[in-house]
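Participant: In terms of our numbering, the sequence shown is residues 4 to 307.
Where a beta carbon is used, it is the ideal one built from N, C-alpha and C, also for glycine.
For reference, the structure I am asking about is given below.
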Amino acid sequence: MKKTTLYRQLIQDKEILVTPGVYDGFTARLVQAMGFKSATVSGAGVSESRMCVPDMGIMGLADGVDQFRNIARCTDIPLKADADTGYGNAVNVYYAVQSFEQAGAACIMIEDQVWPKRCGHIKGKQVISAEEMVKKVEAAVVARKDPDLCIMARTDAAGVMGIDEAIRRANLYADAGADVLFADALLSREDIKRFAGETKKPVAVNMGFGIRIRPTTPLVSAKELQAMGVATVNYGRIMSSAAISGMKKALEVLREYNQKGEVVDRPDLCIDFEEHSTLMGLPQIKALEDRFLTEEVLADKYGR
């Protein structure tokens, strides 16, 4: 089954689709290994990991597509691409959608912020007119080659103009052809319920860090979101924030041990070599060697 077809089916399922945010090959592979059915390639995560700059519209289309292509190669699960605003006007959206589709996206999200945009949970957001965003959605729909490719239209109007305007805009985007509707930075459970209940297409929401409270959207479980009528939830920052936390702790311990002149095995802080190698695909590489390398080469390598 095509990944686009699978993603479309997952969005329509009764069970909410949970998509952790990934930003490189091993995070995507780990999400798959942990049993998740899909993932979001986080624009913020890619911007931060690739360029070490915040999600403020500094990273462009080429960097985003290049990283997405690398990530898609590393996993079998369908991926959603975060295409920001489409990096310009409706014409830019047209080419952005084609680029991400060619890179392997099963769903492509575009948003109605001005460009350069910023993380939906950072102050200073601005949105374009609903009419301009409608044209962007129309361009995205026309640009896709595969009719099963999902176009997700995101509105950031809730935090700028209120929930009523977010709902109004989302329904306009649905009429323009969007398959999924996303409202970022909804400020309350009631807003989430209203958005899910008063819009025309399957709804996506963002829970960001997933297991940490933020000053904007409340922390709501996937089960509760499902009961509210939400089709899919994105945890865009959980992987990057957890990685930073884990690496920071490991470096603190390493620094402490170096200062003391001692070292202790810490399996609670680092996975072992075998697990690391397995996640990165070493068994598959060895299987390819056994299949395609000559007996002489294998004997030289491994003493067979």
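(1) CA-CA distance, A31 and G239?
(2) At which residues does the alpha helix (DSSP H) containing E114 begin and terminate?
(3) Express the C-alpha separation of S132 and A106 in angstroms, rounding to a whole number.
(4) Should I80 be labelled buried (16 or more other beta-carbon atoms within 10 Å of its own) or exposed?
(5) Can you grab the Cα-Cα spacing for the pair P286 / S280, in whole Å?
(6) So what's A199 in DSSP terms, helix, strand or just coil?
(7) Determine, using beta-carbon pairs with one atom in the stretch 33-47 and one in the stretch 75-91, whether at least three such pairs fall under 8 angstroms.
(8) Leaving out five residues before and five after M164 in sequence, what residues of the same chain have Cβ atoms less than 8 angstroms from its Cβ?
(9) Where DSSP assigns a beta bridge to L184, which residues make up the other side?
(10) Run through the DSSP bridge pairs and tell me what Y238 is partnered with.
(11) Would G63 and Y90 be called neighbours here (beta carbons separated by less than 9 angstroms)?
(12) Nearest to R11 by alpha carbon, out of K204, E114, K120 and R258?
(13) Can you find the residues in the same chain that come closer than 6 angstroms, C-beta to C-beta, to D87, ignoring five residues on each side of it along the sequence?
(14) Given a threshold of 16 other Cβ atoms within 10 Å of its Cβ, counted over all protein chains shown, does E134 qualify as buried or as exposed?
(15) Taking the alpha-carbon of P150 as reference, which of A199, A188 and A181 has the nearest alpha-carbon?
(16) Under the assumption that S244 contacts R217 (Cβ atoms under 8 angstroms), give the Cβ distance between them as a whole number of angstroms.
(17) P23: buried (16+ other C-beta within 10 angstroms of its C-beta) or exposed?
(18) Quick one: give me the first and last residue of the beta strand (DSSP E) that T43 is part of.
(19) So, for C273: in the same chain, excluding its five sequence neighbours on each side, which residues have a beta-carbon less than 7 angstroms away from its beta-carbon?
(20) On the DSSP letters alone, give me the boundaries of the alpha helix (DSSP H) that K289 sits inside.
(21) Using the Cα positions of C55 and G48, report the straight-line distance between them to the nearest angstrom.
(22) Exposed or buried, Q15, counting other C-beta atoms within 10 Å across all chains shown (16 or more means buried)?
(23) R147 and V208 - do their beta-carbons sit closer together than 9 angstroms?
(24) With distances taken between CB atoms, is the gap from M112 to F185 smaller than 9 angstroms?
(25) Is it buried or exposed, N293, if we count other Cβ atoms within 10 angstroms and call 16 or more buried?
(26) Measure from the alpha carbon of T235 to the alpha carbon of each residue in A161, A143, Y176 and V206, then state which is nearest.
(27) Any idea which residues DSSP pairs V130 with across the strands?
(28) Using only CA atoms, which one of I61, D115, E193 and G200 lies nearest to T220?
(29) Any idea what DSSP makes of K17, helix, strand or coil?
(30) Return the Cβ separation of C153 and C110 in integer angstroms, given the expectation that the two are a contact with Cβ distance under 8 angstroms.
Facilitator: If we stick to the structure as given:
(1) Locating residue 31 in the sequence shown gives position 28, counting from the first residue. Locating residue 239 in the sequence shown gives position 236, counting from the first residue. A31 and G239 have their C-alpha atoms spaced approximately 12 angstroms apart.
(2) The sequence position of residue 114 within the sequence shown is 111, counting from 1. Per DSSP, E114 lies in no alpha helix (DSSP H) segment; the continuous beta strand (DSSP E) that holds it begins and ends at C110 to E114.
(3) Indexing the sequence shown from 1 puts residue 106 at position 103. Indexing the sequence shown from 1 puts residue 132 at position 129. Distance between the alpha carbons of A106 and S132: 29 angstroms.
(4) Position 77 of the sequence shown, counted from the first residue, corresponds to residue 80. By the neighbour-count definition (other C-beta atoms within 10 Å, threshold 16), I80 is a buried residue.
(5) As a working note, residue 286 is residue 283 in the sequence shown. As a working note, residue 280 is residue 277 in the sequence shown. One alpha carbon belongs to P286, the other to S280, and they sit about 8 angstroms apart.
(6) On the sequence shown, position 196 is the one that residue 199 refers to. Three-state DSSP puts A199 in a helix.
(7) Taking 8 angstroms as the limit for Cβ pairs, the verdict is that the stretch 75-91 does touch the stretch 33-47.
(8) In the sequence shown, counting from the first residue as 1, residue 164 sits at position 161. V130, listed in sequence order.
(9) Here residue 184 corresponds to residue number 181 of the sequence shown, with the count starting at 1. According to DSSP, L184 bridges with A156 and V206.
(10) Locating residue 238 in the sequence shown gives position 235, where the first residue counts as 1. Paired residue(s): P23.
(11) On the sequence shown, position 60 is the one that residue 63 refers to. On the sequence shown, position 87 is the one that residue 90 refers to. Yes, these two residues count as a Cβ contact at 9 angstroms.
(12) Start at 1 with the first residue of the sequence shown, and residue 11 comes out as number 8. The option with the nearest alpha carbon to R11 is K204.
(13) As a working note, residue 87 is residue 84 in the sequence shown. Take D87, set aside five residues on each side of it, and the residues of its chain with a beta-carbon closer than 6 angstroms to its own are G46 and K120, in chain order.
(14) Taking the first residue of the sequence shown as position 1, residue 134 is located at position 131. E134 comes out exposed.
(15) For this step, residue 150 is matched to residue 147 along the sequence shown. Taking P150 as reference, the option from A199, A188 and A181 with the minimal CA-CA separation is A181.
(16) If you number the sequence shown from 1, residue 244 lands on position 241. If you number the sequence shown from 1, residue 217 lands on position 214. So it is not a contact: roughly 11 angstroms between Cβ atoms.
(17) The residue you call residue 23 lines up with position 20 of the sequence shown. That one is buried.
(18) Looking up residue 43 in the sequence shown gives position 40. Boundaries of the beta strand (DSSP E) harbouring T43: A42 to V44, taken from the DSSP string.
(19) For the purposes of this step, residue 273 is taken as the residue at position 270 of the sequence shown. If we look at C273 and ignore the five residues flanking it on each side, its Cβ neighbours are A253.
(20) Indexing the sequence shown from 1 puts residue 289 at position 286. DSSP places K289 in the uninterrupted alpha helix (DSSP H) bounded by L285 to F295.
(21) For the purposes of this step, residue 55 is taken as residue 52 along the sequence shown, with counting starting at 1. For the purposes of this step, residue 48 is taken as residue 45 along the sequence shown, with counting starting at 1. Take the alpha-carbon of C55 and the one of G48: they are about 9 angstroms apart.
(22) By 1-based counting over the sequence shown, the position of residue 15 is 12. So Q15 ends up on the exposed side.
(23) Mapped onto the sequence shown, residue 208 falls at position 205. Mapped onto the sequence shown, residue 147 falls at position 144. No Cβ-Cβ contact shorter than 9 angstroms links V208 with R147.
(24) Locating residue 112 in the sequence shown gives position 109, where the first residue counts as 1. Locating residue 185 in the sequence shown gives position 182, where the first residue counts as 1. Yes; because the gap between Cβ atoms is below 9 angstroms, this pair is in contact.
(25) By 1-based counting over the sequence shown, the position of residue 293 is 290. Checking the displayed sequence, the identity of residue 293 turns out to be Asp instead of Asn. It is exposed - the Cβ of D293 has fewer than 16 other Cβ atoms within 10 Å.
(26) Numbered from its first residue, the sequence shown carries residue 235 at position 232. Considering only alpha carbons, the answer is V206.
(27) Within the sequence shown, numbered from 1, the residue matching residue 130 stands at position 127. According to DSSP, V130 bridges with Q116.
(28) In the sequence shown, counting from the first residue as 1, residue 220 sits at position 217. With distances taken between Cα atoms, T220 lies closest to E193.
(29) Indexing the sequence shown from 1 puts residue 17 at position 14. Looking at K17 - three-state DSSP - the assignment turns out to be coil, as it is neither helix nor strand.
(30) On the sequence shown, residue 153 is found 150 positions in, with the first residue counted as 1. On the sequence shown, residue 110 is found 107 positions in, with the first residue counted as 1. In this structure C153 is in contact with C110, their Cβ atoms being roughly 4 angstroms apart against a cut-off of 8 angstroms.
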